[in-house]
Amino acid sequence: MEKGTGTTAGEALRSVFTELSGAGVPEARTEAEFILMHVLGAKRHELFLDAMRELTADEEKGLEEIVRRRIAREPSQFIFGEAWFRGLELKVTKDVLIPRPETELLVDEAVKVAGQLKGEIRLIDLCTGSGCIAVAAAKEIPGSLVYAADISAAALEVARENANRAGVADRVKFFQGDLFGAFSSELRGQVNMILSNPPYIAAAKIKTLEPEVKDFEPLWALSGGPDGLDFIKKIINEAWGFLVPGGVLLMEMGYGQANAVKGLAESSGAYENIEIIKDYWKIERILKAGRKA
Ligand SMILES: C[S@@+](CC[C@H](N)C(=O)[O-])C[C@H]1O[C@@H](n2cnc3c(N)ncnc32)[C@H](O)[C@@H]1O
């Protein structure tokens with residue numbers, strides 16, 4: 091067995107917590123535990139049961155490097171290259187947005203809509219990023235066929251790998267392009283659901299976000315133009331053309347955008363049964379709109 095450094099897991103946990111909280115890292119205690127779990131290859135309860143276990147020199151070196159990056163406010167998902175979404179462990183790199191818990195709700199709604207449909211279900215996931223929505227939807231809607239698109243080739247590479255890891259690569263097809271421009275016109279009028287979490291943050295607001303977001307996540311995944319609605323407007327205007335009559339658009343939006351988004355869907359004249367769905371924090375988060383027959 092490798093010789094210990096004299097630093098125990100308990101001491102390392104306390105010192106990482108102190109460093110992270112000193113650097114203003116949110117939820118420093120949870121983050122410190124998470125980092126130690128990774129470095130020691132331990133489950134959370136083992137950190138406490140085995141608090142006197144000494145770190146090896148390699149573990150201590152690895153820990154220092156991780157803490158250095160986290161103090162610089164790099165998100166732990168980028169440091170470890172993984173993120174969880176609807177029970178799936180996904181690969182993430184700096185080319186993709188880290189999947190957010192509120193986006194899981196979009197898949198929840200898609201699963202509910204799918205439950206009311208018969209026959210083969212076709213979905214589009216626009217602005218797929220890590221592929222989190224596309225992959226989870228394919229996994230949770232058996233037999234469905236997902237057409238996923240993004241403008242970023244690097245993001246699509248990550249999304250492809252995630253589809254492979256989740257065992258749904260045969261049912262998720264990836265396309266590169268600007269919004270619906272990624273798809274062939276043969277797909278028009280053929281899709282039961284369009285899911286999207288587009289960039290929707292107002293450009294001027296980005297500099298006010300946490301360093302983890304503004305300094306590390308890709309700007310092109312965040313910025314939705316001056317009022318944040320550039321992509322949302324385009325998607326509302328074009329989505330109906332790809333939906334079957336009665337098909338459903340489910341799209342995520344930002345805090346305070348619900349009235350504008352609902353207004354855009356209504357004034358387009360293309361949708362009915364327009365609803366705004368709140369997330370787990372009671373924030374208006376998802377537009378649900380059916381294509382008029
Ligand atoms: C908010 S992220 C969403 C990523 C992922 N769907 C999720 O929920 O985590 C937006 C994504 O839109 C992509 N994007 C930006 N501009 C685009 C465009 N014009 N056409 C297609 N995708 C675009 C970005 O590359 C990014 O992956």
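Quick note on numbering: the sequence shown equals residues 91 to 383 in the numbering used here. Even for Gly, the Cβ is constructed at its ideal location relative to N, Cα and C. The model shown is predicted, which means the values in this text are computed figures rather than measured ones.
- Message: My output table needs one value for A228: the three-state DSSP class, helix, strand or coil.
- Response: Position 138 of the sequence shown, counted from the start, is the residue given in the question as residue 228. Of the three classes helix, strand and coil, the one that applies to A228 here is helix, per DSSP.
- Contacts around N327, its chain only, beta-carbon distance under 7 angstroms, and the 5 residues preceding and following it disregarded: Here residue 327 refers to the residue found at position 237 when the sequence shown is read from its first residue. Cβ within range, chain order: S358.
- N363 to E302 span [Cα, whole Å]: Residue mapping note: residue 363 aligns to position 273 of the sequence shown, counting from 1. Residue mapping note: residue 302 aligns to position 212 of the sequence shown, counting from 1. In this structure, the alpha-carbon of N363 lies about 37 angstroms from that of E302.
- Message: Quick check: is any heavy atom of ligand 1 less than 6 angstroms from the C-beta of W310?
- Response: Within the sequence shown, residue 310 is the residue found at index 220, counting from 1. Result yes, Cβ under 6 angstroms from ligand 1.
- Task: Could you give the DSSP three-state label for R190: helix, strand or coil?
- Result: Position 100 of the sequence shown holds residue 190. DSSP places R190 in coil when its eight states are reduced to three.
- Message: Quick check on this structure: which residue in S220, L354 and Y237 has the alpha carbon closest to the alpha carbon of R255?
- Response: Counting from 1 along the sequence shown, the entry for residue 255 is found at position 165. When each option's Cα is compared against that of R255, the closest is S220.
- Please report the residue range of the beta strand (DSSP E) in which G152 lies. Counting from 1 along the sequence shown, the entry for residue 152 is found at position 62. G152 -> not in any beta strand (DSSP E); alpha helix (DSSP H) instead, spanning A147 to I161.
- Query: Would DSSP call A165 helix, strand or coil?
  - Reply: Counting from one through the sequence shown, the residue named residue 165 turns up at place 75. Correcting the residue type first, residue 165 is Pro in the shown sequence and not Ala. Annotated three-state conformation of P165 is coil, per DSSP.
- Query: Is there contact between the region 172 to 184 and the region 270 to 284, where contact requires at least three CB pairs shorter than 8 angstroms?
  - Reply: Touching, no.
- Query: Mapping DSSP to helix, strand and coil, what is R261?
  - Reply: Position 171 of the sequence shown holds residue 261. Helix, per DSSP.
- Query: Does DSSP put N282 in a helix, in a strand, or in coil?
  - Reply: In the sequence shown, residue 282 corresponds to position 192, counting from 1. Note: N282 maps to strand in three-state DSSP.
- Message: Can you give me the C-alpha to C-alpha distance between E251 and V182, rounded to a whole angstrom?
- Response: As a first step, residue 251 must be located in the sequence shown, where it is residue number 161. As a first step, residue 182 must be located in the sequence shown, where it is residue number 92. Roughly 10 angstroms separates the two Cα atoms.
- Nonlocal neighbours in the same chain, by C-beta distance under 7 angstroms from A350, ignoring five residues either side: By 1-based counting over the sequence shown, the position of residue 350 is 260. The beta carbon of A350 sits closer than 7 angstroms to those of L319, all from its chain and outside the five residues before and after it, given in chain order.
- Can the beta-carbon of L145 be found closer than 7 angstroms to that of A118? Translated into positions along the sequence shown, residue 145 becomes position 55. Translated into positions along the sequence shown, residue 118 becomes position 28. Cβ distance not < 7 angstroms, so L145 and A118 don't count as in contact.
- Residues near V201 in its chain [Cβ-Cβ closer than 8 angstroms; skip 5 each side]: In the sequence shown, the residue the question calls residue 201 occupies position 111. For V201, where only same-chain residues beyond five positions count, the Cβ hits under 8 angstroms are A227, E230 and I231.
- Query: Quick one: is the Cβ of D268 within less than 6 angstroms of any heavy atom of ligand 1?
  - Reply: The count along the sequence shown starts at 1 and reaches residue 268 at position 178. Yes; taking the cut-off as 6 angstroms, the Cβ of D268 has a heavy atom of ligand 1 nearer than that.
- Query: Based on the DSSP output, what are the partners of A239 in its beta bridges?
  - Reply: For this step, residue 239 is matched to residue 149 along the sequence shown. The partner list for A239 (beta bridge, DSSP) reads L216 and F265.
- Query: Ends of the alpha helix (DSSP H) at N287?
  - Reply: Reading the sequence shown from its first residue, position 197 is the one you call residue 287. It is not in any alpha helix (DSSP H) - N287 carries neither H nor E in the DSSP assignment.
- Please report how far the alpha carbon of R160 lies from the alpha carbon of L180, in whole angstroms. Here residue 160 is taken as the residue at index 70 of the sequence shown, counted from 1. Here residue 180 is taken as the residue at index 90 of the sequence shown, counted from 1. Approximately 20 angstroms, taken between the alpha carbons.
- Mapping DSSP to helix, strand and coil, what is A379? Working through the sequence shown from its first residue, we reach residue 379 at position 289. Collapsing the DSSP output to three states places A379 in a strand.
- Pull up the CB-CB distance for I156 and I125, whole angstroms please, since I reckon it's below 8 angstroms. Taking the sequence shown and counting its residues from 1, the one referred to as residue 156 is at position 66. Taking the sequence shown and counting its residues from 1, the one referred to as residue 125 is at position 35. About 6 angstroms separates the two Cβ atoms, so the contact holds.
- Task: Specify the secondary structure class of W310 as computed by DSSP and reduced to three states.
- Result: Numbered from its first residue, the sequence shown carries residue 310 at position 220. When secondary structure is reduced to three states using DSSP, W310 falls in the helix class.
- Quick one: complete alpha helix (DSSP H) runs, 4+ long, within the region 296 to 378? For the region 296 to 378, whole alpha helix (DSSP H) runs of length 4 or above, ordered along the chain, are 301 to 304, 309 to 312, 320 to 329 and 348 to 358.
- Query: Is it right to say M343 is buried, meaning 16 or more other beta carbons lie within 10 angstroms of its own, or is it exposed?
  - Reply: Translated into the one-based positions of the sequence shown, residue 343 becomes position 253. In this structure M343 is buried. Its beta-carbon is surrounded by 16 or more other beta-carbon atoms within 10 angstroms.
- Hey, could you find the ends of the beta strand (DSSP E) L178 is sitting in? Within the sequence shown, residue 178 is the residue found at index 88, counting from 1. Counted as a single uninterrupted DSSP element, the beta strand (DSSP E) harbouring L178 occupies residues L178 to K181.
- Query: Closest to Q347 by CA distance: which of L377, Y361 and K324 is it?
  - Reply: Stepping through the sequence shown from its first residue, residue 347 is reached at position 257. Among L377, Y361 and K324, the Cα nearest to that of Q347 belongs to L377.
- Message: At a threshold of 6 angstroms, does D240 count as lining ligand 1 (C-beta to nearest heavy atom)?
- Response: Against the sequence shown, residue 240 aligns to sequence position 150. Within the cutoff, so yes.
- Query: Hey, would you say D215 sits closer than 7 angstroms to A204, going by beta carbons?
  - Reply: Numbered from its first residue, the sequence shown carries residue 215 at position 125. Numbered from its first residue, the sequence shown carries residue 204 at position 114. Taking 7 angstroms as the cut-off, the Cβ atoms of D215 and A204 do not count as close.
- Taking the alpha helix (DSSP H) that A132 falls in, what are its first and last residues? Translated into the one-based positions of the sequence shown, residue 132 becomes position 42. Per DSSP, A132 lies in no alpha helix (DSSP H) segment and is marked neither H nor E.
- Task: Please list, in chain order, all residues of the same chain as C222 whose beta carbon is under 7 angstroms from its beta carbon, the five residues on each side excluded.
- Result: Counting from one through the sequence shown, the residue named residue 222 turns up at place 132. Cβ within range, chain order: F175, L180, P189 and T193.
- Message: Could you check whether the Cβ of T183 sits closer than 6 angstroms to any heavy atom belonging to ligand 1?
- Response: Taking the sequence shown and counting its residues from 1, the one referred to as residue 183 is at position 93. Result no, Cβ not under 6 angstroms from ligand 1.
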